[in-house]
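Chemist:
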Amino acid sequence: MANTATIYHNQRCSTSRTVLGLIRDAGIEPTVVKYLETPPSRDGLRKLLDDAGLKPSEAIRKKEAVFKELGLAEASEDELLEAMVDNPILIERPIVVTDKGTVLARPAAKVSDIL
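The opening position of the sequence shown corresponds to residue 29 in this note's numbering, with each subsequent residue numbered one higher.
Structure (structure tokens):
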């Protein structure tokens, strides 16, 4: 069982709310980072993605209007990372970090891998 958890959370996202509930149901009161209000730095986001084994293209919200507005369909991984830093709404959520690892909890049940 993990001892601590941090969730990069968007309260308006039902998956994020579900994952937060799963963490609490496991007996852990996580640190909640409202990443739209306090987005990670470029290095911080790069570390989160690296720790989760993800490339920016695997953790970006392609259906967001800003993705299309910025013409990111053909962007490089570095360009996608920059876009995510500049527009945190593009960061797929929730990302959960525990002492057992880091995961993009989509679907929500993936969080159990690190609890």
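We put the CB at the ideal spot given by N, CA and C, even for glycine.
1) Which same chain residues end up closer than 8 Å to N38 when comparing Cβ atoms and leaving out the 5 residues on each side of it in sequence?
2) In chain order, what residues of the same chain have a beta carbon less than 6 Å from the beta carbon of A133, not counting five sequence neighbours either side?
3) Among L98, K75 and V60, which has the Cα closest to the Cα of T130?
4) Can you grab the Cα-Cα spacing for the pair R89 / S104, in whole Å?
5) Within 10 angstroms of the Cβ of T126, are there 16 or more other Cβ atoms? Answer buried if so, exposed if not.
6) To the nearest angstrom, how far is the alpha carbon of P135 from that of P67?
7) How many angstroms separate the CA atom of S42 from the CA atom of Y36?
8) If you draw a straight line from the alpha carbon of N31 to that of L109, how long is it in whole angstroms?
9) Terminal residues of the continuous beta strand (DSSP E) containing L132?
10) Taking the alpha carbon of F95 as the point to measure from, which residue in A80, I117 and L82 has its own alpha carbon closest?
11) Excluding the 5 residues preceding and the 5 following M112 in the sequence, name in chain order all residues of the same chain whose CB lies nearer than 7 Å to its CB.
12) Just the Cα atoms here: how many angstroms apart are M29 and E97?
Modeler: Answer, in terms of the structure:
1) S44, K62, Y63, L64, R121 and P122
2) V47, P122, V124 and V139
3) K75
4) 15 Å
5) buried
6) Answer to the nearest angstrom: the Cα atoms are 22 Å apart.
7) S42 and Y36 have their C-alpha atoms some 13 Å from each other.
8) 30 Å
9) According to the DSSP assignment, L132 belongs to the beta strand (DSSP E) that extends over G129 to L132.
10) I117
11) L73, P84, I88, L118 and I119
12) 42 Å
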